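No gaps in the numbering here: position 6 of the sequence shown is 6 in full-length UniProt numbering, and each next residue is one more. For each residue, glycine too, the CB sits at the ideal point set by N, CA and C. Bear in mind the structure is a predicted one, so any value in this text is a computation, not a measurement. The structure appears right after this line, and notes come after that.
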Amino acid sequence: MSDYLVIVESPAKAKTIERYLGKKYKVKASMGHVIDLPKSQTAIDVEHGYEPKYITIRGKGPILKELKTAAKKAKKIYLAADPDREGEAIAWHLARSLNVDIDSDCRVVFNEITKDAIKDSFKHPRPINRDLVDAQQARRVLDRLVGYNISPLLWKKVKKGLSAGRVQSVALRMIINRETEIQNFEPEEYWTIGVEFLKGKTKFEGSFYGVNSKKTELKSEEDVQKILKQVKGNEFKVETVTKKERKRNPALPFITSSLQQESARKLNFRARKTMMLAQQLYEGVDIGKEGTVGLITYMRTDSTRISEVAQEEASGYITNEYGKEFLKSGDKKEKKQANAQDAHEAIRPTSVLRTPAEIKQYLSRDQLRLYKLIWERFVASQMAPAVMDTMSVDLVNSGVIFRATGSKVKFPGFMKVYVEGSDDEVDEKDKLLPNLKEGDAVIKKDIEPKQHFTQPPPRYTEARLVRTLEELGIGRPSTYAPTLDTIQKRGYVSLDNKRFVPTELGEIVDQLIIEFFPDIVNVEFTAKMEQDLDNIEEGSVNWVKIIDEFYKEFEKDLEKAEKEMQEVEIKDEPAGEDCDQCGNAMVFKMGRYGKFMACSNFPDCRNTKAIVKEIGVKCPNCKEGNIIERKSKKRRIFYGCDRYPECEFLSWDKPIARSCPKCEHLLVEKKLKKGVQVSCTECDYKETPQQ
Numbered sequence: 001m002s003d004y005l006v007i008v009e010s011p012a013k014a015k016t017i018e019r020y021l022g023k024k025y026k027v028k029a030s031m032g033h034v035i036d037l038p039k040s041q042t043a044i045d046v047e048h049g050y051e052p053k054y055i056t057i058r059g060k061g062p063i064l065k066e067l068k069t070a071a072k073k074a075k076k077i078y079l080a081a082d083p084d085r086e087g088e089a090i091a092w093h094l095a096r097s098l099n100v101d102i103d104s105d106c107r108v109v110f111n112e113i114t115k116d117a118i119k120d121s122f123k124h125p126r127p128i129n130r131d132l133v134d135a136q137q138a139r140r141v142l143d144r145l146v147g148y149n150i151s152p153l154l155w156k157k158v159k160k161g162l163s164a165g166r167v168q169s170v171a172l173r174m175i176i177n178r179e180t181e182i183q184n185f186e187p188e189e190y191w192t193i194g195v196e197f198l199k200g201k202t203k204f205e206g207s208f209y210g211v212n213s214k215k216t217e218l219k220s221e222e223d224v225q226k227i228l229k230q231v232k233g234n235e236f237k238v239e240t241v242t243k244k245e246r247k248r249n250p251a252l253p254f255i256t257s258s259l260q261q262e263s264a265r266k267l268n269f270r271a272r273k274t275m276m277l278a279q280q281l282y283e284g285v286d287i288g289k290e291g292t293v294g295l296i297t298y299m300r301t302d303s304t305r306i307s308e309v310a311q312e313e314a315s316g317y318i319t320n321e322y323g324k325e326f327l328k329s330g331d332k333k334e335k336k337q338a339n340a341q342d343a344h345e346a347i348r349p350t351s352v353l354r355t356p357a358e359i360k361q362y363l364s365r366d367q368l369r370l371y372k373l374i375w376e377r378f379v380a381s382q383m384a385p386a387v388m389d390t391m392s393v394d395l396v397n398s399g400v401i402f403r404a405t406g407s408k409v410k411f412p413g414f415m416k417v418y419v420e421g422s423d424d425e426v427d428e429k430d431k432l433l434p435n436l437k438e439g440d441a442v443i444k445k446d447i448e449p450k451q452h453f454t455q456p457p458p459r460y461t462e463a464r465l466v467r468t469l470e471e472l473g474i475g476r477p478s479t480y481a482p483t484l485d486t487i488q489k490r491g492y493v494s495l496d497n498k499r500f501v502p503t504e505l506g507e508i509v510d511q512l513i514i515e516f517f518p519d520i521v522n523v524e525f526t527a528k529m530e531q532d533l534d535n536i537e538e539g540s541v542n543w544v545k546i547i548d549e550f551y552k553e554f555e556k557d558l559e560k561a562e563k564e565m566q567e568v569e570i571k572d573e574p575a576g577e578d579c580d581q582c583g584n585a586m587v588f589k590m591g592r593y594g595k596f597m598a599c600s601n602f603p604d605c606r607n608t609k610a611i612v613k614e615i616g617v618k619c620p621n622c623k624e625g626n627i628i629e630r631k632s633k634k635r636r637i638f639y640g641c642d643r644y645p646e647c648e649f650l651s652w653d654k655p656i657a658r659s660c661p662k663c664e665h666l667l668v669e670k671k672l673k674k675g676v677q678v679s680c681t682e683c684d685y686k687e688t689p690q691q
């Protein structure tokens, strides 16, 4: 018989924590929620204070029975679910099921699964936080009232399998708004003039700035010709030289949303994949002699706070590895985000001494890449700013000013370890200018005017959308990954070059929500609702009051929609060919993995076909077939012969319609980090990469 029973959420954590706590403790896993709202009904009693009707989740009966049996044998029960609202709700449900007094010191929380953190948390148990439970319960009730009332309407009026929700409807609205901006965008012409200068034998570049000390815009070729006529000869005088020292501070350690954004930029991970891998690193990985250890702190957080112990360990590591001058000065305090809950620390390695190189052999490739990203970001955040020497030079000829700028890293600081990614291309290389002083003469070697047009705002990537939702105060860290996943699974959006594009179905659903439930897609309304839910967590407002205020208005919208919403017929788009089995027309359908062709005579004929995309290249293997674009089971694009399986030609690189000039074999386009390079599949022939 064990003296103490500890209940956590996952078996991986249970095994690790039991080893840390010793023989007196028995650690069991609840496998997440054991009690929840049923999936088959709304299960909210709106007539009696919005009381939720909880049930034991189907299939979780044996787990609950096992926990009850273990609870009867234990002197004391500790509930150690995750340290967030969801975890608090799980602990509350378990306490009620196991007859544990919620006001007793039964709740244990820890931000990291390490020996010291676990042992320390058991020295400070606390009662279950009812405000946290109420906040979580309010979210569940609110989402149920919205989703389980609007979704059936959409099934009836549009098609089965659709859904609507507070955060997903706003996310969809934002994607559609952006698409509208792009479609309505009218490009404006503008010009630039680039110049290559020569100082002695040193070349450097400048660009047109203005005329007679004033910045001037070039809106047409006529404007450019005026400037070019004004320039007399090839000699320019250096009018001003400005030298400055600029400091660049490191990025803060990761919170949930910034981790999702950065892993999308640098690792090409989707938000769901990032959170799945982070969960694995948090719960623990077997790293040899140390056994199973949690490698990162809890990954659902909106705080950039770092514990003193972690700061001290990082300071020691940085001093030993790079020198004291690379250490961040201790007088700068991090600014807390306005809507941050600050419940626990930023996402960081549980020990900075476990470097990615040292534990590489114990991690999968993707686990290692994410751990390395988290480790480098944390270490860099504790390092000194980088110092840049910048130089700006104005060069003048007949009143026409060209400006050249240069910079170099004087002291790398945090950049020695890590530089934050960007949604836009940023050139991090030194851009050096020759040693110029006022009055110097330089020679214009080459001048090149270029025509440009303003570009529409870019479509949302996952990273951009997460960042925008966070900035607007929509949703919380744990909601972003499932939200983005849902709008894709429902067929409301598709991904084109990793950017969200709304589908016809998405636009139909969005218009219906706007017409009948305008508050649901109103950004300000949704952000205020998030703030109200946070106020419940802080104990400053009653959760039933907040839900009641919302539902009274929502119920009116619902009644109106039931009466007035018209049925929408979504016609299938003709595919332009007939079914080869029954002769009826083929149509395009939207499936889980995108568009495909299906017979219009369904269900009598169930013939389906993948949409074939030819690339205009003959198969180099059989000389008869055509190369087509295909997708692997993991949705990766590859190229093969349309005569497969008779011809088994396969290429991960895209073939092009010309032969190698050296050996006459196939040329392919290889994707590089920046641009594409044409190269031969047989010999060493390569062409200059194209941006």
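Please say whether residue j and residue i have beta carbons closer to each other than 9 Å?
i: S303; j: I374; result: no
i: I90; j: L79; result: yes
i: K328; j: Q382; result: yes
i: I546; j: A138; result: yes
i: D642; j: C619; result: yes
i: F588; j: F596; result: yes
i: K229; j: W191; result: no
i: L98; j: I128; result: no
i: W92; j: V133; result: yes
i: P518; j: S257; result: no
i: E9; j: A70; result: no
i: A43; j: L484; result: no
i: R96; j: Y460; result: no
Identify, in the order they occur along the chain, each residue of the same chain with its Cβ nearer than 6 Å to the Cβ of residue i, setting aside the five sequence neighbours on each side.
i: G399; result: V211, N212
i: E555; result: none
i: G284; result: A12, T16, I113, T292, V293, G294
i: C663; result: E682, C683
What does residue i pair with, by DSSP beta-bridge criteria?
i: K214; result: V211
i: P349; result: I296
i: M586; result: C599
i: Q451; result: W191
i: P645; result: DSSP, once it has assigned bridges, lists no residue as partnering P645.
i: E235; result: I443
i: F197; result: F204, K444
i: I44; result: P52
i: G640; result: I628, L650
i: M383; result: L327
i: D36; result: I55
Using a Cβ-Cβ cutoff of less than 7 Å, which residues in the same chain neighbour residue i once the five nearest sequence positions on both sides are dropped?
i: L436; result: K199, V238, V241, V393
i: N111; result: P83, A117, T297, Y298, H344, E345
i: K671; result: none
i: K552; result: none
Give the range of the alpha helix (DSSP H) segment to which residue i is assigned.
i: V133; result: 130-157
i: R58; result: That residue, R58, is in no alpha helix (DSSP H); it is neither H nor E in DSSP.
i: P260; result: Strictly speaking, residue 260 in this sequence is Gln, with Pro absent from that position. Taken as a continuous stretch (DSSP letters only), the alpha helix (DSSP H) holding Q260 covers 256-267.
Got a sec? Which residues, its chain only, sit under 8 Å from residue i by beta carbon, not counting five neighbours each side?
i: K119; result: Y20, L21
In the structure shown, what three-state DSSP assignment does residue i receive?
i: E51; result: strand
i: W652; result: coil
i: K333; result: In this prediction, K333 scores a pLDDT of 48, lower than 50, which makes its location untrustworthy; no coordinate-derived value is stated.
i: K219; result: coil
i: A95; result: helix
i: M31; result: coil
i: P574; result: strand
i: L79; result: strand
i: K686; result: strand
i: Q225; result: helix
i: M565; result: coil
i: A251; result: coil
i: Y480; result: helix
i: L436; result: coil
i: E470; result: helix
i: P356; result: helix
i: T681; result: coil
Along the chain, where does the beta strand (DSSP E) containing residue i start, and where does it finish?
i: Y4; result: 4-8
i: K671; result: 666-671
i: I175; result: Taken as a continuous stretch (DSSP letters only), I175 belongs to no beta strand (DSSP E), being part of the alpha helix (DSSP H) at 166-184.
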